[in-house]
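Residue numbers (the numbering used here): 9 to 314.
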């Protein structure tokens, strides 16, 4: 546990307080914080080092960048928010963060708008039919299924042939439009498309038996939020299946495929699932692409305790 006295001392600095509140809302890199705060790299790195030394932030590597997260407990966070009321810059910081989040979502939406109707023709990293088969073998007798970050719904259409009902959620209006047309064309009345974000899916609490995140999690601004939302919508005793990229170093994926994260390690994904509340977590690497950069597909299956 971080020292309370040391934590309180760290909170007395306005810059550190502003950084902590931003990191509580979103995992950010030094470059992100530079953009949001309008400060130099050296100053921000120094403050992050002090916060990390005090146990108030953690960082993890994703390609060339370190992403930082707040580790403030609820009591300290409440105190930080109270103290922040004395800083007029905080509201501007949070407004700038919302703008950054919108830019990221717009970039992702534009990428998938361009792909609508071209899946199967254009290359999509980690879209492994072997991986999908492995995932489907893990789950049978589906009732109501949510396909989160569905794209045009290749997986959703496969699921709809054996599930009671499938709800496909995607951020891209063109993907939703195209997928809905495919569902009509393929006579799948139990497949419904909804426009929405995987970090805030338009689904009721405990409303689905099974949720899928197939090659979607690495597009999330905050993967932990997406997993927490998946936990929210899954019924007690229901399951979540995640198919994503194994952690890699192909930095160009950020520009080529609008990726936010360069995949996840098995341990990292399992830890995020456990933190979200899931149990009975299984992970496996189920495919490796033969062509450079040799993306590998990571599968995780987890259960929401009854």
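All C-beta atoms in this analysis are idealised placements derived from N, C-alpha and C, irrespective of residue type, glycine included.
Residues 178, 201, 203 of the same chain have their beta carbon placed closer than 6 Å to that of residue 184, with the five preceding and five following residues left out of the count. Assigned with DSSP and collapsed to three states, residue 244 falls in strand.
Counting the other Cβ atoms within 10 Å of the Cβ of residue 226 gives 16 or more, which makes it buried.
With fewer than 16 other CB atoms across the displayed protein chains lying within 10 angstroms of its CB, residue 93 is exposed.
At the C-beta level, residue 238 and residue 307 stay beyond 8 Å of one another. Between residue 30 and residue 44, the gap from beta carbon to beta carbon is short of 8 Å.
The straight-line gap separating the alpha-carbon atoms of residue 70 and residue 255 is approximately 8 Å. Your pair residue 76 and residue 25 does not check out as a contact, with CB atoms roughly 15 Å apart and the cut at 8 Å.
The shortest C-alpha to C-alpha distance from residue 296 to any of 98, 206, 252 is the one to 252. Assignment of residue 223 by DSSP, reduced to helix, strand and coil, places it in the coil class.
Assignment of residue 70 by DSSP, reduced to helix, strand and coil, places it in the strand class. Between the alpha carbons of residue 33 and residue 182 lies a distance of about 29 Å.
The C-alpha of residue 197 lies about 7 Å from the C-alpha of residue 191. In the structure shown, residue 38 adopts helical secondary structure according to DSSP, grouped into three states. Counting along the chain, residue 184 sits inside the alpha helix (DSSP H) bounded by residues 181-193. Between residue 189 and the set 165, 107, 219, the nearest pair of CA atoms involves 165.
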